Structure formats: structure tokens, C-alpha cells
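Residue numbers (this note's numbering): 12 to 684.
For every residue, glycine included, the Cβ atom is placed at its ideal position computed from N, Cα and C.
Keep in mind the model is a prediction, meaning the values are calculated, not measured.
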Ligand code: GLC
């Protein structure tokens, strides 16, 4: 990677940089004099130790605390377990001195309520506070479209729909409300936003991106970071959380058929030049780091294989010293913490000891090493890293750098002063006000692709409505992955409105609903057929990806295959409604473009890309019936056929069905009462 002059560091950054220098020196002195571990004060001591003194600058508190820590305590801080690992015995947090715990997708307290979440996190926090130095926990979740794990949270449109709004202020507002609902229920760290640039729509994580251009990922990703963290110095507030720019980098650039294991695209290999990688994959990170001060970065499972070096030597991002240490921390000046992805180091070459050594020395600071159902997990990580330090294969300076970054985040989050959940905003979880913002976002995210005979907007009083299609009345499908469970599910039910609910509330005439269009279709009816995908996450959403059952809600039934095509049932419903109703609108609820064959399109009057709207389906009806105008624009190119993938704006011989940025507009209509 070519180097650039280091940026002019702002005060926050200078402070953190000073931490690294001061800490390194002080730790070396203490280690040399054998003064490594200094007793913490007994409870209620008159004079708090420097690290316990909030009036001191963060870098001084970090240096003081680091100087008191044993190597065991330091390595414990670099370790993250999963909720399941410690749910039955929270004392394990103290036994191992864990620095962090996460809830993976669907990993919820038994009673999935806001209070139970806050109680759970506080129980874990109390265990951490009982350790010798009383270092509080970071608790992380994937609140990627609202606090989706929590039943009752406001579930906002997934990022691809927000990309269609082109509205950074709205994205910032949504992220702030997400932070509020998340922090009020305990977690202080959000593994979001994905600033991925999705280049191949066959990728199962396309919907987690804001779109196919670095510009969208940079602008809207930056707005999301600001909404989550607030301005520098606001992280200790009860409506802010630590953000994570992910997945660093090139997660959306991987080639077809290079996926990891059963995946066809996800976690695969990006075969690019350094120049192209910098233009597409790295582009969102300078702003995320320098302008938005993102507190953490998560490397990608994927690999890079430099074309100019001669292909055939893919390097996993979790092993890349060049990209994590030299570029991210060196050239870009990132001084937050680098968190590994879920057991990602187990994909690196070599045995576990080699994997740990490689990734720690590449610059990863905190390791997501759940044991859950596997044999090797957080306990072995700690033992292995202690061995590596004892053998001199990982330098104590690397350990001290990692731990300083982790402690800095904890001080900035105010966890030493207020470790337990501040519940003042608990009653805002899923509130009417939050849902109103989500509904507005849904309306702004809808993209009107075709509108023959000015079919839309519909007049609520003019005609009866006939609603069909698999996704008209399924809130699990319209919410998508990362909702209640990791993969999401068609049977997942959350509070909110389906698209059908919205249509029934917006229309002033009779509404007939028949998913398969088997009921009689009145000739004068306005037909609306809501088609699309079933939920998925990560590589399970890859076209041709695995189909094994996963979540408890799957009941052992294999997951539906993802094809980017309409199902046979939806195709038939479209044909029936369009043949008989007065007008025919198709609404596509999906995490990405779907293939719409010419024969089908020729029968349809209007087509709307609805993406994954989340809990507030009324926002779709708002634009269908003219309460809101259509303003959305495609965040990704809409292909004519699967054979065109990957297809992106700027490609040579670019000939999509609908181009990046396409979107017809309508005007808001005044409804005579
Ligand atoms: C997953 C995802 C990552 C997520 C993490 C924790 O595998 O790749 O985006 O933050 O694990 O759930």
C-alpha cells in the first residue's frame, strides 16, 4: 500500500496517540521493575486512584490502569465471549477477567423484553466490577436496523432501503434512535454500520450495504456513525453507543464461487489491484476514522488477492498486517479498537496457536471467541495468547497497545463512572415517536421503477383494492435478517404493521386479500401484488448458498433457496391479478434487486422496489396512496438477468433493466376528506 502523510490529528486523536506513547513507556518501566500489579484500593478508599478519577484526561487514566494490570488481566481484556458462554455462570467473567461479552444474532435473555435485557447486561457487568481492578465490560450487539434482537424494538428499514433515500439526516436520526433503544436496554456497543460497498447482488449481505458506490457507503455510513456515537465526548450519554465500521475491507468485492465453505460469495476472495481496492473497498474508512471518529472497526472474513502480485495468494483480512496495522492504524491514524469477527481467526492458516499469533500481530485488538457449541473458545484463546507472550512471539507492546485501545473505549463510554444501565430512555423502546420516524424512512426508501398510465398514486376512495403475494402480510419477511434471530424468519412476528395492514388503513374502500390470488378479483379493483424474498443473513442469502436449518424457528426445515427470482406462486399471483384487475402494481420486498422477466413486466402497470422495510409497513401504503410522494432512487443497479451480475454503474457496456439512481417521482395528493 502506498503511504500518505499522516493526517493532522484532532485533540481527541492527539490524546489517544499520547496514550499509546505514554502507556508503552510506563508499562515498560513497571514491567522492568516488577511493579506490574499494584493493589487496587479497598472499596471506599478516601483518595481514588488516578484511573478512578474522572477529572483526569483519558490517556492518563489508561496509562495508570494499564500499569497496574497483570498480563493475565490484559489478555482477559482482549477476549470477548458470547452471552451463552456466561449466562449460566456470570462468575466466569471474573474468573477470566473478560473484557467484553456479545449477544450474537438471536442471543437474547430468556424473557425478551427491554427490562430483561438491561437486567441481563447489568448482571454481567456486576461480575466484571467484582474483579480486582473493577474494569467494566463492553457489551456488543448487531443493532443493524434498530435493536432487532429485542422483541418490541423499532425495526427500521435495512441499509439498502436507507441507501434509496439518499438522506444522511434521516440516517443519522435513525441511528440515534437505535442507539437510544440499545443503550437503554444495556448494550453499549453496536457492531454497525456496515460500510460495505456491495458489487455483486448475489451476495447475501447486499441489504446490509447502503449501495454499490463508495460515495453512498461513505456519506450514509458516516451519518450512521454520528447518529450512534454523537459528537466526540458524547459517548458517555445514555442515548449513545460505540459504533463499528465493518467489515474492513472489501467484504462486498468478493468474486462469485470463492465463498467460504458452503457460501458462494460471502467471505470469499476479492481479486483486485491495490488501486481498485483503495477506490472501492477502503474509500469509506478515511472519513469514518478521521471525520466521524468511529470507535471500532471489524475486519472482514473475506480475503484479498492482489492482481498486480500475480493471483493465487489470497490473504485473509484478519491476517493482514499491511491493511490493519500499516493502513488502518498507521496511514489512516485509526486509534480505536479492532474487534475480530465471529471466530474469524479459526479460518486462518495453521493451528490455533498460529492463528492467534498471526491475528494479534496483524493488529486485531479484541477477539470475538465464543465457545458456544465449539470446543475452542475464549478460554483457549486466553491460554494461547498468554503462552505466545511468555514465549516472546507476541510482544508486550502489542498487548499494551490493544489493551489501551480497549480501555480508552470504556473510559469514553463513561463505564467506570456509570457501569450499570441508565434506564431513563427505556420507555422509548418501540415508541410511537420512533415508529413514526421508521415509517417516514420506509416511505422515503420506496423506489418507483415503472408507472404506466400513472397508476400510482392510488385514490383511496376511488376503487376497491385487491392484495395478493407472499410478502403482503408477513412481517417476518418484510423485516428480513437480524430480526429476533440471526437469520430472521417468515414466522418471526414483531409488533408493527405489515404492508397489508397499511393498505387496509389507507384505503377507504373494501380491501380483499388473497396471497395466491385464489379469491375472485373484482374487475374494477386496483390490484397490488407484494412479492419477494424470505429472510436470510450472511452467506445463507448468497444465491446458491447453503440451505441447512439454523434458527430455532426453522424447526429443522431447511432454509429456502435464494435465487433472485420470483417464486412460482408469486409469478402466478401477478399473472392472475394483472389479467383481471383494473390496474396492477407489483411491490418487491427483498434485500436486493430480483429478476423481473419481460413477459411478467409486460402485464404490470407499476413496479415498486420496497427493499426490507421493517416493522412499519404503513410507510409503503403512504406512497402507494399518495400520503407521501415517491422520491426514492436505486442504490444498486437493477439487472435484466442474473447473467449480468455483477453489474455496477460505471461498467463498460452498462445495460441494466433500471440504472443506478433510477426512480420515478409522484406528487403528494391532497385527499378530500
Ligand atoms: C457475524 C457477522 C458480523 C457480526 C458478528 C457478531 O458473523 O459477520 O457482521 O457483527 O458476527 O454477530
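Any chance the CB of residue 257 is under 7 angstroms from a heavy atom of the ligand GLC? Sequence index remark: in the chain shown, residue 257 carries index 246 (1-based). True, at least one ligand heavy atom lies under 7 angstroms from that Cβ.
Mapping the DSSP letters down to three states, classify residue 295 as helix, strand or coil. The residue given as residue 295 occupies position 284 in the chain shown. DSSP, reduced to helix, strand and coil, places residue 295 within a helical segment of the structure shown.
Name, in chain order, the residues that DSSP records as bridge partners for residue 496. As a working note, residue 496 is residue 485 in the chain shown. Beta-bridge partners assigned by DSSP to residue 496: 494.
Is the region 192–207 touching the region 612–628, taking contact as three or more C-beta pairs under 8 angstroms? Too few Cβ pairs lie closer than 8 angstroms, so no.
Could you tell me the alpha carbon to alpha carbon distance between residue 178 and residue 455, rounded to whole angstroms? Your numbering for residue 178 matches position 167 in the chain shown. Your numbering for residue 455 matches position 444 in the chain shown. Their backbone Cα atoms lie some 9 angstroms apart in a straight line.
Would you decide whether residue 408 is buried or exposed? Buried here means 16 or more other CB atoms lie within 10 Å of its CB. Counting from one through the chain shown, the residue named residue 408 turns up at place 397. Its Cβ having fewer than 16 others within 10 Å, residue 408 is exposed.
Thinking just about the alpha-carbon of each residue, which of 457, 524 and 495 is nearest to the one in residue 175? Here the question's residue 175 lines up with position 164 in the chain shown. If we check each option's Cα against that of residue 175, 457 comes out closest.
Quick one: does the C-beta of residue 328 sit closer than 7 angstroms to a heavy atom of the ligand ATP? For the ligand ATP, the structure offers nothing, since it holds only the ligand GLC.
Provide the residue(s) that pair with residue 92 in DSSP beta bridges, ordered along the chain. For the purposes of this step, residue 92 is identified with residue 81 of the chain shown, where counting begins at 1. According to DSSP, residue pairing for residue 92 in a beta bridge involves 112.
CA-to-CA distance, residue 518 to residue 640, given in whole angstroms: Here residue 640 refers to the residue found at position 629 when the chain shown is read from its first residue. Here residue 518 refers to the residue found at position 507 when the chain shown is read from its first residue. Their backbone Cα atoms lie some 16 angstroms apart in a straight line.
Beta carbon of residue 622 nearer than 8 angstroms to that of residue 171: Mapped onto the chain shown, residue 622 falls at position 611. Mapped onto the chain shown, residue 171 falls at position 160. Against a cut-off of 8 angstroms, the Cβ pair of residue 171 and residue 622 comes out as a contact.
Could you pull out every residue in the same chain whose Cβ sits closer than 7 angstroms to the Cβ of residue 87, ignoring the five residues on either side in sequence? Position 76 of the chain shown holds residue 87. Contacts found: 107, 108, 109, 110 and 393.
Selection from 476, 347 and 329 that minimises the alpha carbon distance to residue 360: If you number the chain shown from 1, residue 360 lands on position 349. The option with the nearest alpha carbon to residue 360 is 329.
For a test of the three-state rule: what should DSSP assign to residue 410, helix, strand or coil? The residue you call residue 410 lines up with position 399 of the chain shown. In the structure shown, residue 410 sits in a helix (DSSP, three-state: H, G or I).
Of all the beta strand (DSSP E) runs that stay within the bounds of the region 604–662, which reach a length of 3 or more residues? Counting only runs of 3 or more residues that sit fully inside the region 604–662, the beta strand (DSSP E) segments are 617–620, in chain order.
For the candidate residues 200, 144, 223 and 242, whose alpha-carbon lies nearest to that of residue 183? Here residue 183 refers to the residue found at position 172 of the chain shown. Comparing Cα positions, the closest option is 242.
Does at least one heavy atom of the ligand GLC sit under 7 angstroms from the Cβ of residue 353? Here residue 353 refers to the residue found at position 342 when the chain shown is read from its first residue. For the ligand GLC, at least one heavy atom lies less than 7 angstroms from the Cβ of residue 353.
Determine contact between the region 63–71 and the region 118–136, defined as no fewer than three beta-carbon pairs at a distance below 8 angstroms. Counting C-beta pairs closer than 8 angstroms gives fewer than three between the region 63–71 and the region 118–136, which falls short of the contact rule.
Helix, strand or coil at residue 403 [DSSP, three-state]: What you label residue 403 is simply residue 392 of the chain shown in a count that begins at 1. The answer is coil: DSSP assigns residue 403 none of H, G, I, E or B.
Just list the alpha helix (DSSP H) runs in the region 530–594, keeping only unbroken ones of 4 residues or longer that don't cross its boundaries, in chain order. Whole alpha helix (DSSP H) segments, 4+ residues: 579–591.
Residues near residue 558 by beta carbon distance below 7 angstroms, same chain, minus five either side: Here residue 558 refers to the residue found at position 547 of the chain shown. So the list reads 569, 570 and 572, once near-sequence residues are dropped.
In terms of DSSP beta bridges, what is residue 477 paired with? Within the chain shown, the letter at position 466 stands for residue 477. DSSP links residue 477 through a beta bridge to 523 and 538.
How far does the alpha helix (DSSP H) with residue 367 in it reach, from first residue to last? As a first step, residue 367 is located in the chain shown; it is residue number 356 there, counting from the start. Start and end: 363–373.
Can you tell me whether residue 151 is helix, strand or coil according to DSSP? Counting from one through the chain shown, the residue named residue 151 turns up at place 140. DSSP places residue 151 within a strand segment (E or B) once states are collapsed to three.
Determine the DSSP secondary structure at residue 671, reduced to helix, strand or coil. Indexing the chain shown from 1 puts residue 671 at position 660. Correct three-state label for residue 671: coil.
Residue 221 beta carbon near the ligand GLC (any heavy atom closer than 7 angstroms): Here residue 221 refers to the residue found at position 210 when the chain shown is read from its first residue. Annotation for residue 221 indicates a beta carbon at 7 angstroms or more from all heavy atoms of the ligand GLC.
Rounded separation between residue 274 and residue 327 - CA only: Here residue 274 refers to the residue found at position 263 when the chain shown is read from its first residue. Here residue 327 refers to the residue found at position 316 when the chain shown is read from its first residue. When rounded, the distance between both Cα atoms is 16 angstroms.
Tell me the DSSP secondary structure of residue 685 in three-state form. Residue 685 cannot be examined here, being either before or after the span of the chain that is shown, 12 to 684.
Can the beta-carbon of residue 505 be found closer than 8 angstroms to that of residue 162? Within the chain shown, the letter at position 494 stands for residue 505. Within the chain shown, the letter at position 151 stands for residue 162. Residue 162 is positioned such that its CB atom lies closer than 8 angstroms to that of residue 505.
If you pair each beta-carbon of the region 276–287 with each one of the region 219–230, do three or more pairs fall below 8 angstroms? Using a C-beta cut-off of 8 angstroms, the region 276–287 makes no contact with the region 219–230, since fewer than three inter-stretch Cβ pairs fall below that distance.
Cβ-based neighbour list, residue 366, same chain, cut-off 7 angstroms, excluding 5 preceding and 5 following: Translated into positions along the chain shown, residue 366 becomes position 355. Once the five neighbours on either side are set aside, the close Cβ partners of residue 366 are 356, 357 and 359.
Going by DSSP, what residues sit across from residue 205 in a beta bridge? The residue given as residue 205 occupies position 194 in the chain shown. Here residue 205 is bridged, per DSSP, to 257.
For residue 652 versus residue 581, is the C-beta spacing smaller than 8 angstroms? On the chain shown, position 641 is the one that residue 652 refers to. On the chain shown, position 570 is the one that residue 581 refers to. Contact annotation: residue 652 and residue 581 have beta-carbon atoms that are not nearer than 8 angstroms.
Touching by the beta-carbon criterion (3+ pairs, under 8 angstroms), the region 301–313 and the region 252–263: At 8 angstroms Cβ cutoff, the stretches touch.
Just to check my reading of the structure: residue 453 and residue 631 have Cβ atoms closer than 8 angstroms, yes? What is that Cβ distance to the nearest angstrom? Here residue 453 refers to the residue found at position 442 when the chain shown is read from its first residue. Here residue 631 refers to the residue found at position 620 when the chain shown is read from its first residue. About 6 angstroms; that satisfies the 8 angstroms criterion.
When every heavy atom of the ligand GLC is checked, does at least one fall within less than 7 angstroms of the C-beta of residue 116? Residue mapping note: residue 116 aligns to position 105 of the chain shown, counting from 1. Within the cutoff, so yes.
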